[in-house]
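Student: Residue numbering for the sequence shown follows the numbering used here, beginning at 775 and increasing consecutively. Ideal placement from N, C-alpha and C gives every residue a C-beta, glycine not left out.
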Amino acid sequence: LLSSKPVEAVFEEVASAAAELLEAEAGAVSLVVEEGRFVRVVAGAGDFLPLVGQLVPVDSSLLGWVVSHEEPLTSSNMDADPRSFPIEGLRLNTAAIIPLRSAGLVIGTLSVCNRRDASAFGPYDLQLLQTLGDQVVVAIDRAHVLDESRRNEQALAAKNRELQRATELKSQFLANMSHELRTPLNAINGFSDLILTEELGPINETQREFLESVLRNGRHLLGLINSILDLAKIEAGRMTLNLTSTDFRAAINGAVTDTAPLRSAKRQDVNVVMEPTPITVLADATRVRQVLFNLLSNASKFTPDEGQITLSAIATRAPLPVPGERAGETSRLVAREAVWVSVSDTGIGIKAEDMPKLFNEFSQVDSSASRQAQGTGLGLALSKKFVEMHGGTIGAESVYGKGASFWFILPVEGPLRRPGAAADLRPTA
775 LLSSKPVEAV
785 FEEVASAAAE
795 LLEAEAGAVS
805 LVVEEGRFVR
815 VVAGAGDFLP
825 LVGQLVPVDS
835 SLLGWVVSHE
845 EPLTSSNMDA
855 DPRSFPIEGL
865 RLNTAAIIPL
875 RSAGLVIGTL
885 SVCNRRDASA
895 FGPYDLQLLQ
905 TLGDQVVVAI
915 DRAHVLDESR
925 RNEQALAAKN
935 RELQRATELK
945 SQFLANMSHE
955 LRTPLNAING
965 FSDLILTEEL
975 GPINETQREF
985 LESVLRNGRH
995 LLGLINSILD
1005 LAKIEAGRMT
1015 LNLTSTDFRA
1025 AINGAVTDTA
1035 PLRSAKRQDV
1045 NVVMEPTPIT
1055 VLADATRVRQ
1065 VLFNLLSNAS
1075 KFTPDEGQIT
1085 LSAIATRAPL
1095 PVPGERAGET
1105 SRLVAREAVW
1115 VSVSDTGIGI
1125 KAEDMPKLFN
1135 EFSQVDSSAS
1145 RQAQGTGLGL
1155 ALSKKFVEMH
1165 GGTIGAESVY
1175 GKGASFWFIL
1185 PVEGPLRRPG
1195 AAADLRPTA
């Protein structure tokens, strides 16, 4: 009875088992329908087999009495019982009926009629019926769970299709918009830069100031567009890494040079601490340099004038996440050769309650100084995704009012992938 059979088959087996075990001429399973006004015979055995599908009123039948009073009954003469519902063409004598309960509610009945030896049914018979009735409830609950699971699977599949379609549309929209937005921006930036060279003629100080503002904001907007596109590519699984043997010392020196104008405007010093030996990592040099640029520019942004920024890099061995061998398995930590990079500053620091907001898209820590600083919070979010795509990890520590330190660790031999998994990296020579 508890096997994975359709609920209708279980009803039929229970009705037949009840009639056989209690030596009765008829057995039936009935369920409450029509908002509790009727019970419907859903399975029958013996003389009750032709009654399958028939409705019996609750207010004028023995089945209805059991449902209404929520207790079993026996009857020694159904035809003479005033509570009985007469059924044409069927002689009814002895009867035993028990209620079926699910989640504390009576949902139907299990009954047998006309004992073959004409003797009355007793308490033992009701106990046996109740045991069988419990199997009916199990079957009903199982069927409901399976139906609900099936509906949930169908709903989830529909949602997944909608999300996939929405992702495709978003990616297509962003690809189109990137071209439409970057083309005029490149023209604005290019012509502004050309005019600032004064090759087309001299400009006065006011014009230079305005043009520098146009160029600065144009480049900032172009950077935001590129960051949003990178996030969209990562979410859509279309971001690839061009892995090469990367000189980490050169990447760090390049990022320090690229961010020099940010520090010079605020008269900030940067101290680079690296081992004298070469540091070589299998990585995407462009993305690594982007992470370094984001951390250095972030440090400069939240450090006051004449502040100090320190960038450190050392080769080490650290536990890093490695994908499971099979789909669905969680990653595990394995000690690997790695490079550890830290960018520390003497800025305003981060409150403890604001630490969870770091590395979230379009999120900045909630302090007055951070609100005054420009940015959308995309830099740290992108840095986290790029580091994790390399198989590394990223984090931060801070003492509020004393400064902050952002760090990341990359494996020297590059990211590892589960065998057979689709790769989102592209090794190059």
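1. Given a cut-off of 9 Å, decide if valine 1161 and leucine 1056 are closer than it, judged by their beta-carbon atoms.
2. By the 10 Å Cβ neighbour count, where 16 or more other Cβ atoms means buried, how is lysine 1158 classified, buried or exposed?
3. Would you tell me roughly how many angstroms separate the C-alpha atoms of leucine 1107 and leucine 955, rounded to the nearest one?
4. Please confirm if the segment 820 to 830 is in contact with the segment 897 to 913, defined as three or more CB-CB distances below 8 Å between the two stretches.
5. With distances taken Cα to Cα, identify the nearest neighbour of tyrosine 898 among Val911, Ala892, Glu922, Ile872.
6. Rounded to the nearest angstrom, what separates glycine 1188 and glycine 1165 at their Cα positions?
7. From what residue to what residue does the beta strand (DSSP E) around leucine 1154 run?
8. Kindly indicate which three-state DSSP category aspartate 915 falls into: helix, strand or coil?
9. Looking at serine 804 and valine 788, is the spacing between their C-beta atoms short of 9 Å?
10. In the DSSP assignment, what are the bridge partners of glutamate 1171?
11. Taking DSSP as the reference, what is the three-state secondary structure of glycine 801?
12. On a Cα-Cα basis, can you pick out the residue from Asp853, Gly878, Val1065 that is closest to serine 1168?
13. Considering Cα atoms alone, identify which of Glu1127, Ser1105, Thr1090 is closest to glutamate 1111.
14. Excluding the 5 residues preceding and the 5 following tryptophan 876 in the sequence, name in chain order all residues of the same chain whose CB lies nearer than 7 Å to its CB.
15. In the DSSP assignment, find the beta strand (DSSP E) that holds glutamine 1054 and state where it starts and stops.
16. Run through DSSP, which three-state label would isoleucine 871 get?
17. Note the first and the last residue of the continuous alpha helix (DSSP H) segment covering glycine 838.
18. Go ahead and pull the three-state DSSP assignment for glutamate 808.
19. What residues are listed by DSSP as bridge partners for valine 1048?
20. Within the same chain, show all residues whose beta-carbon is closer than 6 Å to that of tryptophan 1114, passing over the 5 residues directly before and after it, in chain order.
21. Per DSSP, what kind of secondary structure is glycine 1028 in: helix, strand or coil?
22. To the nearest angstrom, report how far apart proline 846 and asparagine 926 are at their CA atoms.
23. Taking the beta strand (DSSP E) that glutamate 1111 falls in, what are its first and last residues?
24. Restricting to Cα atoms, I'd like to know which of Arg1041, Val1062, Thr1051, Ile1002 is closest to glutamine 1082.
25. Tell me which residues share the same chain as valine 1243 and place their Cβ nearer than 6 Å to its Cβ, disregarding the 5 neighbours each side in the sequence.
26. Is methionine 951 buried or exposed, if buried means 16 or more other CB atoms sit within 10 Å of its CB?
27. Note the first and the last residue of the continuous alpha helix (DSSP H) segment covering serine 885.
28. Quick one: grab the DSSP three-state call for glycine 827.
29. State the DSSP-derived secondary structure class of alanine 894, mapped to helix, strand or coil.
30. According to DSSP, simplified to helix, strand and coil, what is proline 780?
31. Just curious, the beta strand (DSSP E) that serine 849 is in, first and last residue?
32. With leucine 1015 as the anchor, note down where its beta strand (DSSP E) starts and where it stops.
33. Using DSSP with H/G/I as helix, E/B as strand and the rest coil, what is glutamine 1042?
34. Serine 1074 and leucine 1132: beta carbons closer than 9 Å?
35. Skipping 5 residues on each side, what residues in its chain have a beta carbon closer than 7 Å to that of aspartate 967?
36. If you draw a straight line from the C-alpha of leucine 825 to the C-alpha of serine 893, how long is it?
Tutor: Looking at the coordinates:
1. no
2. buried
3. 43 Å
4. no
5. Ile872
6. 7 Å
7. Here leucine 1154 belongs to no beta strand (DSSP E); instead the alpha helix (DSSP H) covers 1152 to 1163.
8. helix
9. no
10. Ser1179
11. strand
12. In the sequence as displayed, the identity of residue 1168 is isoleucine instead of serine. Nearest of Asp853, Gly878, Val1065 to isoleucine 1168, Cα basis: Val1065.
13. Thr1090
14. According to the sequence as given, residue 876 is serine; it is not tryptophan. Within the same chain, serine 876 has close Cβ partners Val911, Ile914, Asp915.
15. It is threonine, not glutamine, that sits at residue 1054 in the sequence shown. 1054 to 1057 is the span of the beta strand (DSSP E), which, as asked, contains threonine 1054.
16. strand
17. 836 to 843
18. helix
19. Note that residue 1048 corresponds to methionine in the displayed sequence, not to valine. Paired residue(s): Ala1087.
20. Ile1088, Thr1090, Ile1183
21. helix
22. 37 Å
23. 1106 to 1119
24. Arg1041
25. Outside the modelled stretch of the chain, which goes from 775 to 1203, sits residue 1243, for which no answer is possible.
26. exposed
27. Premise fails: serine 885 lies in the beta strand (DSSP E), 879 to 889, not in any alpha helix (DSSP H).
28. coil
29. coil
30. coil
31. 847 to 849
32. 1015 to 1021
33. coil
34. no
35. Leu989
36. 24 Å
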